[in-house]
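What follows is a single structure, written as structure tokens, with notes after it.
Protein chains: 2
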Amino acid sequence: MIQHTVVFTLVHEPGSPAETAFLRTARDELAAVPGVRDFTVHRQVSVKSPGTWQFSMVFADRAAYDAYDAHPAHRAFVADRWAPEVAEFHEYDFVAWDG
Amino acid sequence: MIQHTVVFTLVHEPGSPAETAFLRTARDELAAVPGVRDFTVHRQVSVKSPGTWQFSMVFADRAAYDAYDAHPAHRAFVADRWAPEVAEFHEYDFVAWDG
């Protein structure tokens with residue numbers, strides 16, 4: 783199981799309709815891609831980091847993650863929405879530690 | 783509910799006994815602090831970010847988070863283990879988005 787996350791900041795004004803539209807579209811379109819589980823949108827609230835939002839999703843394995851990455855719906859979202867509307871982002875992927 | 787996370791890199795060699803000892807001590811000591819729920823250790827595996835580990839824990843509310851931050855067991859861990867053994871870290875805290 784792999785948890786794929788991204789912490790990011792938008793080019794939009796906080797609280798603006800454009801911000802809400804971006805988050806809702808992402809949730810609707812990305813959660814519908816095959817293999818995506820537990821898609822969530824969170825606010826990032828630590829003042830020690832600049833990011834203001836987080837997307838998180840879970841994949842059963844690496845093959846499911848790769849299929850999502852290559853899926854036309856994901857590619858279209860990245861090109862049409864993510865690239866022009868995201869100012870900065872950091873990706874983190876997590877797997878369980880069995881220690 | 784607040785999810786408190788930190789992505790970090792240790793000064794220890796990957797796979798070393800010192801690395802394992804740090805992770806186990808953190809899990810044992812921090813998970814035992816009052817108010818801490820769902821303490822987990824994950825490997826960070828995205829090649830797009832340098833961090834190699836993540837701790838995650840959940841607090842019921844801001845008061846529980848603040849109590850953890852001020853707790854002597856947490857303060858002692860930060861001074862005795864975190865400060866000398868962590869090379870780099872980024873904190874992120876997440877709350878649900880109700881959009």
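Heads up: the sequence lines are chains A and B, in that order. Going by my numbering, the residue at position 17 of the first sequence is 799; the numbering climbs one at a time, nothing skipped. Going by my numbering, the residue at position 62 of the second sequence is 844; the numbering climbs one at a time, nothing skipped. Note that CB positions come from ideal geometry on N, CA and C, so glycine has one too.
For residue i, the residue or residues it bridges with in DSSP
i: A/TYR874; result: A/THR787
i: A/LEU792; result: A/VAL868
i: B/ARG819; result: B/VAL840
i: B/ARG825; result: A/VAL877, B/TRP835
With 16 other Cβ atoms within 10 Å as the buried cut-off, status of residue i
i: B/GLY881; result: exposed
i: B/VAL860; result: exposed
i: A/VAL818; result: buried
i: A/GLY797; result: exposed
i: A/ALA808; result: buried
Near the ligand ADP: residue i beta-carbon under 8 Å from a heavy atom
i: A/GLU801; result: This structure simply doesn't include the ligand ADP, nor any ligand for that matter.
Residue span of the alpha helix (DSSP H) that contains residue i, given as start and end
i: A/ASP855; result: Asp is not the amino acid found at residue 855 of chain A; the sequence shown has Ala there. It spans 854-859 - the alpha helix (DSSP H) in which A/ALA855 sits, taken as one unbroken run.
i: A/ASP810; result: 799-813
Identify each residue in the segment 792-807 of chain A for which the Cβ-Cβ distance to at least one residue of chain B is less than 7 Å, and report them in chain order. Taking a C-beta cut-off of 7 Å against chain B, the contacting residues of the segment 792-807 of chain A are THR802, LEU805, ARG806, listed in chain order.
Quick check: the segment 840-857 of chain A against the segment 785-794 of chain A, are there 3 or more CB pairs under 8 Å? yes
Any contact between the segment 859-877 of chain B and the segment 821-828 of chain A? By contact I mean 3 or more CB pairs, one from each, below 8 Å. Inter-segment contact for the segment 859-877 of chain B and the segment 821-828 of chain A is present: three or more beta-carbon pairs are separated by less than 8 Å.
Along the segment 835-858 of chain B, where does the CB come closer than 9 Å to a CB of chain A? Name the residues. Answer in chain order: TRP835, GLN836, SER838.
Along the segment 859-870 of chain B, what residues have a CB closer than 8 Å to any CB found in chain A? none
Residues in the segment 806-831 of chain B having any Cβ partner in chain A nearer than 7 Å: ARG806, VAL823, HIS824, ARG825, GLN826, VAL827, SER828, LYS830, SER831
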